[in-house]
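Numbered according to my numbering, the sequence shown spans residues 19 to 445.
Here a beta-carbon is modelled for each residue, glycine too, at the ideal position from N, C-alpha and C.
First the structure, in the form of structure tokens, and then the observations on it.
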Amino acid sequence: MPTRPTISKGKRIGRWGILIVAALVIGFLLAVVYPWYLSVANQRVFRNGLGAYQRGDLQSLENSLGQLNPSSEFDAKRHLLQGLVYMLKRQERDALDELGQAIGDVDTTSDALMYSGKIFHFTKDYRGAEQMLLASINANPNNAEAHRLLSATYYDTGAFDNVLKHLARVIELDPIDMRPWRLRGLVLKDFEKYDEAVVSYQGALERVKDARVKEEISEELADCLVQLRRYEDALGYLTGLVATPDRKVLQSECFQSLGQFEDAEKCIAEALVIDEKNLRALTLKASQLMERNQWEGAKSTLERATEYYPFEFNIRLLLAQILTRMGDKEAATVQEAKAKELKTLRDRFTKLHIDSINNPNDANLRKELGDAAQQLGMKDAAISWYRAALGMDPQNSEASRSLAELLASEPQKATNSDAPSIDKLNP
């Protein structure tokens, strides 16, 4: 009779051992690997949500929010993404509430503070923006976006030394971004530090990708080169650009200085065809007519310019010279007196501007700058300075009243000037 095969005790133990090892492996996977996988997956979802916000893609952002694991471990990330959803919906108060609940988590604190600062900036609460952004940088000194937004905040309040400081940090942290290079060039250009501005603009050109923005930067760079009397270099950057009045004026200045008078006059004529009220074109045309002793033509050109730009003292001084040359001393005296009055106002505006740079937290100085800008007919600038004052001191009743009166008198102008200057840091 055949014998039944039997399983030895050793083999039975071996099989049990395999089962035990398998159970241990599964337990390890469940206890260690799966949570790790879950964390990695949620980090990817979180990053996708941040990317969707940067693109302004509300639907994808809401999808990412819905895909986050409901575990309390990811609460801070959920609050941050929900805050970004509210930001895209322009529900600032709800956004701040959600972002506030993301503060305290090591992964989200700096960004939550940074986005809160962004909200304060867009609502023109510059004190609040500065506080939030400095706190964001304190939580993470390498947060390039916080430095970028802080530089924009300081730009709006006229604290230009601080602008340059934080732009330098952005350049260090994000070396491929052209925006800080361009804004630094703009600030240095305003300070008439043209050599340094040229270097910054060249850095921006090396990094820019958008064709339209590249042309704008080339024009700004060429303007600096004209100021440095590097006319041939300036023409090199202007060649091939889409024709605009200001670009044609720059080309004309270069040709004029290089002795190519026919080309210079042609460029001015083309500029005035595009925009008959262009101040630089009118001024340069008058100068060209004066060089050819065409005094009547120069006089009529500048008289037209004073109608368009009644607060520009330089064209009145030039007109006074022409009137004197033509023997009309009485009219020349009137223009000289008006030019002197306007220059006094301009000098005061310049002094206040310098004082505001040296006193970056003085709201009253910003209010005075708004007043001075109004006296010079610079209504957009006045609106910006009044808002800067109120952003630093919301209780400044004089700035509030002046702004309200100006907005009421220029509703369309006010709407057009409402774009935040943070746009200067946009691609």
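Under the 10 Å beta carbon count, L300 is surrounded by 16 or more other beta carbons and is classified as buried.
In this structure L99 is not in contact with L117, their Cβ atoms being roughly 10 Å apart against a cut-off of 8 Å. It is roughly 10 Å from the alpha-carbon of A170 to the alpha-carbon of F140.
A straight-line Cα-Cα distance of about 9 Å links V226 and I194. Rounded to whole angstroms, the gap between the alpha carbons of P88 and E80 is 14 Å. Nearest in C-alpha terms to K397, of all of N379, S418, L425, A381, is L425. Shown here, A400 sits in a helix according to DSSP, grouped into three states. Taking C-beta atoms under 8 Å as the contact rule, D179 and I375 qualify, at a distance of about 6 Å. Here D411 is not near A400, since their CB atoms are 9 Å or more apart. DSSP, read as helix, strand or coil, puts A261 in coil. Here the region 378 to 385 does not lie against the region 344 to 353, with fewer than 3 beta-carbon pairs under 8 Å apart. Spatial neighbours of Y172 in its own chain (CB-CB distance under 6 Å, excluding positions within 5 residues in sequence) are listed in chain order as N180, V181.
Runs of the beta strand (DSSP E) spanning 3 or more residues and lying entirely within the region 246 to 300 do not occur at all.
In this structure, the straight-line span from the alpha carbon of E210 to that of D125 is close to 42 Å. Per DSSP, F178 is one residue of the alpha helix (DSSP H) stretching across 178 to 191.
Under the criterion of beta carbons closer than 8 Å, L253 and C272 qualify as touching, at roughly 5 Å.
Sequence-distant Cβ neighbours of E321 in its own chain, meaning closer than 8 Å and more than five residues away, are L337. A147 sits away from L114, with the two beta carbons spaced by 9 Å or more. Between A186 and the set I372, G176, E163, the nearest pair of CA atoms involves E163.
The shortest C-alpha to C-alpha distance from D129 to any of R166, D143, K107, K317 is the one to R166.
If you draw a 10 Å sphere on the C-beta of K358, you find fewer than 16 other C-beta atoms in it, and that means exposed. Counting along the chain, E91 sits inside no alpha helix (DSSP H), nor does DSSP assign it H or E at all.
For the pair A407 and A120, the Cα-to-Cα distance works out to about 30 Å.
When secondary structure is reduced to three states using DSSP, G122 falls in the coil class, being assigned neither helix nor strand. Contact check for Q220 and L239: beta-carbon distance about 7 Å, within the 8 Å limit, so the pair qualifies.
The residue from F92, K232, G176 with its alpha-carbon nearest to that of N382 is G176. Taking the Cβ atoms as the reference, V205 lies roughly 10 Å from P198, outside the contact range of under 8 Å.
The three-state secondary structure of D365, taken from DSSP, is helix.
L341 is classed as buried because its beta carbon has at least 16 other beta carbons within 10 Å across all chains shown.
Only residues of its own chain outside the window of five on either side were considered, and among them V267 have a CB closer than 6 Å to the CB of R298, listed in chain order.
Counting other Cβ atoms within 10 Å of its Cβ, R200 reaches 16 or more and is therefore classed as buried. Exclusion of the five residues before and after G395 leaves F329 as the residues of its chain whose Cβ lies within less than 6 Å of its Cβ. Its chain contains W313 as the residues whose beta carbon lies nearer than 6 Å to that of M344, once the 5 sequence neighbours on both sides are disregarded; these appear in chain order.
Per DSSP, R343 is one residue of the alpha helix (DSSP H) stretching across 331 to 343. Around the beta carbon of E250, fewer than 16 other beta carbons sit within 10 angstroms, so the residue counts as exposed.
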